[in-house]
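Structure, as structure tokens:
Protein chains: 2
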Amino acid sequence: MRIFNTSKLIIMVRLFLICFGILLSVPSFSQDRTFDLMPVPSVIKPTKDRCGITKSFTIGVTGNPGNRVYAEATRALRRLDNRMGFFFKQGNITMKDHDAGANLLIEVKRPAELRLYEDESYQLYSGTKQVKIVANTDLGAIRGLETLHQLLSVDADGYYFPGVEINDAPRFPWRGLLLDITLHWMPMDVVKRTLDCMAAVKMNVLHLHLTEDQMFGIESKVYPRLHEVGAEGNYYTQEDIKEVIAYADQRGIRVVPEFDVPGHCTSWLKAYPELASVKRDYELQRYYGVFDPSLDVTKEFTYEFLDKLFTEMSALFPDEYFHIGGDENTGKDWDLNPDIKAYMKKKGMTTYRELETEFIQRLLPILKKNGKKMMGWDEILRPGVPHDIMIQSWRGTESLVEAAKNGYTGLLSTGYYIDLIQPTDFHYLVDPIPSNTVLTAGQQKFIVGGEATMWTEHVTPETVDSRIWPRTAAIAERLWSPSSVTNVEDMYRRLDQASLWLEGLGSTHLKNKGMLMRRLANSYDTKALEVLVDVIEPLKIYERNAGDTMYTVFSPYTKIADVATPDQKVAREFRKNVSIYCSTKDKQLEKEIINQLQMWKANHTGFLELIKRSPVLTEAEGLSENLEKIAIIGIRAIDYINKLCLVPAGWKKESLGITQTAKEQGGRCDLQVVTAIEELVSAADK
Amino acid sequence: MRIFNTSKLIIMVRLFLICFGILLSVPSFSQDRTFDLMPVPSVIKPTKDRCGITKSFTIGVTGNPGNRVYAEATRALRRLDNRMGFFFKQGNITMKDHDAGANLLIEVKRPAELRLYEDESYQLYSGTKQVKIVANTDLGAIRGLETLHQLLSVDADGYYFPGVEINDAPRFPWRGLLLDITLHWMPMDVVKRTLDCMAAVKMNVLHLHLTEDQMFGIESKVYPRLHEVGAEGNYYTQEDIKEVIAYADQRGIRVVPEFDVPGHCTSWLKAYPELASVKRDYELQRYYGVFDPSLDVTKEFTYEFLDKLFTEMSALFPDEYFHIGGDENTGKDWDLNPDIKAYMKKKGMTTYRELETEFIQRLLPILKKNGKKMMGWDEILRPGVPHDIMIQSWRGTESLVEAAKNGYTGLLSTGYYIDLIQPTDFHYLVDPIPSNTVLTAGQQKFIVGGEATMWTEHVTPETVDSRIWPRTAAIAERLWSPSSVTNVEDMYRRLDQASLWLEGLGSTHLKNKGMLMRRLANSYDTKALEVLVDVIEPLKIYERNAGDTMYTVFSPYTKIADVATPDQKVAREFRKNVSIYCSTKDKQLEKEIINQLQMWKANHTGFLELIKRSPVLTEAEGLSENLEKIAIIGIRAIDYINKLCLVPAGWKKESLGITQTAKEQGGRCDLQVVTAIEELVSAADK
């Protein structure tokens, strides 16, 4: 469910403000020692043991494990060695490696079936001589291995695992990430590194959004024009999909495909115009938004087509859920077709929602005979649909609550739209089952988890990781850890570490920043750009693509708004420091704040030099200049706070005029430190 | 042709020293203005025009072009827009875009056949209103587009193409890169970004080394055990190969496969033991080196097998050349097999070279009936082989000269072994046809170019780019530009720019350095590590893997030797500056040198702190300490040079003792600034 138009924007902003309110009211308390783990385990008990690691380190596997465990244990061994550099002697771990005295012993009762509600629990005991991971299923063992990677520690004697007893299991069984590969094409390497990082934070569903107005991103052998005509060369072959599924399976991650019908399907109609509600020369959509083209759901041909296509795709994707989208069908093209109107009249339908209901109901047996359960956005919850469907909610917890009360399973995506550039703590505090839920314990079971959504209209393979990571790790924690784990400060502390090890696993969210800046500045020296980028963020929610008309699929995504990332740490910490300083007047903090302000004040000259090398940066000249201006105000404010001189009449008003201007966008970004400067101004002139 | 053992090491070292001698004697002269182009075009004439670029920029294509030009013109438009951020309105460029008044007009006479000797010439005219690329073939147009990207300039009025008239064609028709995907697996994204960068420096052959003792890296449908048993999951499917070939074809790059026989084939024998000369329990080789397993070339089964396999692969790879390796067969396994010895005796063969000759001769008709010409390492040049084979030489220009005198075509790889961590200028000054060649003009035509070789035992997908780029750009220039283009200083100046735009195209050689350091230091703060890494290089030629026993396919390649890169700029420039300073005593240079030395002197403390966080760095503690020590010597030497105090007796000897020790390796790296310190010491105490 993409949310483009303005009325929906209001929902998002409202939710943002509500959650922001919650955030401010959350008491700051300290968790038990969390060892920098993310997600935090259910129960973790530190002991005084220390399990040192030497070059003779080995892994053993016992019980009745499946192939997954051997492959993941081998990968774990290499990952550990890559960090410690010991040249471990053990090669690929196989059934021969069942030494119960191995330094790491993995005990598994049975191979898992990769499906919803499968057991993912594990226990991890780290003693003086051995670490033991005990799990009912290989999935549990895999989750335990990820915890182990995060436990690796260092002291004066070298590498070790700290003594702990962990008893862990997820709070929700569905912890997903939607990756849209249609608004910008995402090649296989993006998918694979995303899966590696998802596994590291114990997520277990990759939802691939495969078809859109802009492209049909997967090979169909029964209707090959879908990818041949609908994809301009960028699509996953069926071999690719098998590779993705195998890669995900090894990491204990399910893959759920989405084929979005009856709207969002211009690419289908270009390939097979006979599916269309309106005769038209269909071209792939180049803009982003909600469009009118729609399947003609009154034609038998459409159902034959979907039957064959869904049967083909059902065989390809082993998961029991099959996502049919169902969202944002405008109905306008149905209105334009007299045959459809006649059909509706004949059937006594007065709104196109009724026709949609019939459409959904006709898809159900097609999926059922293929052994699939239907999944879709809120819109699929229609009168008479069976109770085994899965609702993905973009409308918020209320719609999930309604569904659960009626015995429908659902998962939350509202609040987890990571493409909207909102801060991590906002997402972190969105709970699929808030503490004040009206649902009974029995009803709560119908809410199975959540999914972060990575819509890709404003990202490319170069920038997508910086939108997913590290923020999604916090969402993963929300879905795995006990609901009581809500300390934002502790989350940010651990997220900082997670960001490092997610990079180590292949995410490009940190390293591409340097590349993007060098390319944008056309220089090895990017200092002035970096100082600015550290305090700006791309415009949030749906503001960046004003009127849905600024960007197309051909637009450059290599500019300052693409280098800028969500939830900038420098800006966030500056705001926090200023808040503390305004109440404490702490001198050490004051010094840090002044240093920061002096740096911003001095930066504009260097930025103007960069513009000479790279005029594409001109669009951010205003931001840079405003940063200089508000830095000057901030420095002055601190002088006034220290009563070095009297606050002149009109200074506050003038200053707030300047900060107001400094809130304007530049290069589709805005400064993230303006409110902190305003706070200083207020503190200076009470 | 990998070169593992010590006798071969001597050849390499000798060549290195010879070329280093050449390097020192090359006069430093200034080229004509080269506009930072790399490779330098044959003829370039600057004019006074300036072709400004605005957001209405368009591309038109006329003549009789093929699909390649439309695809590449579209890619060029997006690449230009990605740099300038104009949001160009033109979408995909198609036959409809034939406006002769377009800002960039591409005129092509005919689509090329992608084969050796095809016309790659082009002319590029940049006037006030239009840039025109005129070429006989689409290949020429594609080469011209790459030149255009490099011409993009900036002045006070914004982006523009400078006025030029370029008339360009390659010196050699074979400008290749061998990418070994067997010693470490290289996934598709590595191959694709390598192709993007190769195209940018006008290289035209990707040589894929697909099979080895360690793995069989490509799917075979006729002998599926080859990849099923011989690859542990890492191999290109035939669909992948088609994708690579199409990707390369669009960029005007040929793809030549290598199936290395009769040696280097342990993976084949694990899959099909009946091919082996010796009955043995074959396992995939985990070490790197030269091993004895070999095909039994006296069995008919072997030829039936190779016939079917090569026929299958010939259909998959469209190129006319098919590389059969032929190198480093030790003959020892043949000696162990009485049947083979009996066969040889019967045929009157006294050495296994004769048996190899028969083997080569029996492969020729197999390739011929599949429309292929044989390519192989020096070893395939045997009595009686036909003249249409292609020799790839690792033995040096002498063997190519001998071949050419006898009418055999060949290309040079000696001197282009980029895996050996030698400096760019060494490779740059190796010429397939040196100026003192004894060959006649007619004979010279048999030398068709060269190939850089990227053997991957010591690299992973994370580090491979830093071994290929930017150095290979200089080899590409050697093979494309006139032989007179040999100014090393100008090459390094342009290489620095090339490094930036190669990164912009996707190479990870710059950005992965930051990632590797953060992971290695387990910290965002990598300053002390970076200072050290900037002055060390991995051990060169074959020294890193001492005795071929230190490393296996399971070894960690995440350590300091993997972060370190060849031809470190900071070290190189320091050495240069010291040389100039010692003869000029220039005060500004002295200040820079002292600053640098002070930084090194102070760095060790920070490095020791990093070791505490990350004990894997301990192996480089000696390097860091030595850097401190020699920095102190250098500072002292400058004091003496300035006669601030008298040189104490014994100081020189003592200092040179310390510098001698500082030449020792640490973490399989060595310091690159020791000779410069020695130069300072000598200058201080003449």
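Residue numbers (this note's numbering), protein chains in the order written: chain A, 252 to 937; chain B, 252 to 937.
All residues carry an ideal CB built from backbone N, CA and C; glycine is no exception.
Bear in mind that the values here come from a model prediction, so they are computed numbers and not experimental data.
Neighbouring residues, chain B, relative to residue i (Cβ below 7 Å)
i             : result
residue 490/A : 488, 490
residue 873/A : Simply none; closest approach about 16 Å.
residue 410/A : 866
residue 762/A : 762, 763, 765, 766
For residue i, the nearest candidate out of the options (CA to CA)
i             : options                    : result
residue 509/B : 439/B, 430/B, 607/B        : 430/B
residue 406/A : 438/B, 861/B, 663/B, 828/B : 861/B
residue 344/A : 416/A, 533/A, 324/A        : 324/A
residue 556/B : 929/B, 763/B, 836/B, 475/B : 475/B
residue 694/B : 657/B, 615/B, 291/B, 711/B : 657/B
residue 446/B : 895/B, 801/B, 873/B, 723/B : 723/B
residue 560/A : 586/A, 490/A, 614/A        : 614/A
residue 672/B : 794/B, 553/B, 521/B        : 794/B
residue 874/A : 855/A, 864/A, 682/A, 867/A : 855/A
residue 472/B : 776/B, 567/B, 851/B        : 567/B
residue 638/A : 289/A, 645/A, 603/A, 697/A : 697/A
Beta carbon of residue i nearer than 8 Å to that of residue j
i             : j             : result
residue 436/B : residue 485/B : yes
residue 620/A : residue 573/A : no
residue 456/B : residue 492/B : no
residue 487/A : residue 419/A : no
residue 412/A : residue 452/A : no
residue 322/B : residue 501/B : yes
residue 705/B : residue 670/B : yes
residue 617/B : residue 569/B : no
Interface residues of chain B facing residue i [CB-CB closer than 8 Å]
i             : result
residue 754/A : 766, 769, 770
residue 336/A : 807, 809, 810, 867, 870
Spatial neighbours of residue i in its chain, beta-carbon cut-off 6 Å, leaving aside the 5 residues before and after
i             : result
residue 913/A : 877, 881, 922, 925
residue 784/A : 814, 815
residue 726/A : 667, 678, 703
residue 730/B : 423, 426, 700, 701
residue 936/A : 898, 903
residue 888/B : 931, 932, 935
residue 462/A : 510, 511
residue 985/A : The shown model of chain A, from 252 to 937, leaves out residue 985/A, and the question about it has no answer.
Neighbouring residues, chain A, relative to residue i (Cβ below 7 Å)
i             : result
residue 785/B : Ordered by position in chain A, no residue passes the 7 Å Cβ test against residue 785/B, which lies about 13 Å from the chain.
Contacts of residue i in chain A (Cβ-Cβ under 8 Å)
i             : result
residue 440/B : 438, 439, 440
Contacting residues, own chain, Cβ-Cβ under 7 Å from residue i (five flanking each side not counted)
i             : result
residue 229/A : The structure shown does not extend to residue 229/A, since chain A is modelled only from 252 through 937, so no value can be given for it.
residue 292/B : 398, 417, 419
residue 829/A : 844, 927, 930, 931
residue 498/A : 443, 446
Neighbourhood of residue i by C-beta distance below 8 Å, restricted to the same chain and skipping five residues each side
i             : result
residue 588/A : 528, 529, 547
residue 774/B : 861, 864, 865
Chain-ordered neighbours of residue i on chain A, where CB pairs are closer than 9 Å
i             : result
residue 405/B : 773, 863, 864, 865, 866
residue 485/B : Within chain A, no residue comes near residue 485/B; the closest Cβ sits about 11 Å away, beyond 9 Å.
Proximal residues of chain B, C-beta to C-beta of residue i below 9 Å
i             : result
residue 329/A : 805, 807
- Message: Give me the subset of the segment 338-353 of chain A whose CB atoms are less than 7 Å from a CB atom of chain B, sorted by chain position.
- Response: Across the segment 338-353 of chain A, CB contacts with chain B closer than 7 Å involve 338, 342, in sequence order along the chain.
- Message: Which residues of the segment 798-820 of chain A have a Cβ closer than 7 Å to any Cβ of chain B? Give them in chain order.
- Response: Contact annotation: in the segment 798-820 of chain A, residues whose CB is within less than 7 Å of a CB in chain B are 805, 806, 807, 809, 810.
- Task: Please list the residues of the segment 536-567 of chain A that have a C-beta atom closer than 7 Å to any C-beta atom in chain B, keeping them in chain order.
- Result: Closer than 7 Å at the C-beta level to chain B, one finds these residues of the segment 536-567 of chain A: 537.
- Item | Positions along the segment 728-759 of chain B whose CB lies within less than 7 Å of some CB in chain A | Within the segment 728-759 of chain B, the qualifying residues are 751, 754, 755.
- Message: Along the segment 302-334 of chain B, where does the CB come closer than 8 Å to a CB of chain A? Name the residues.
- Response: Cβ contacts with chain A: 329, 332, 333, 334.
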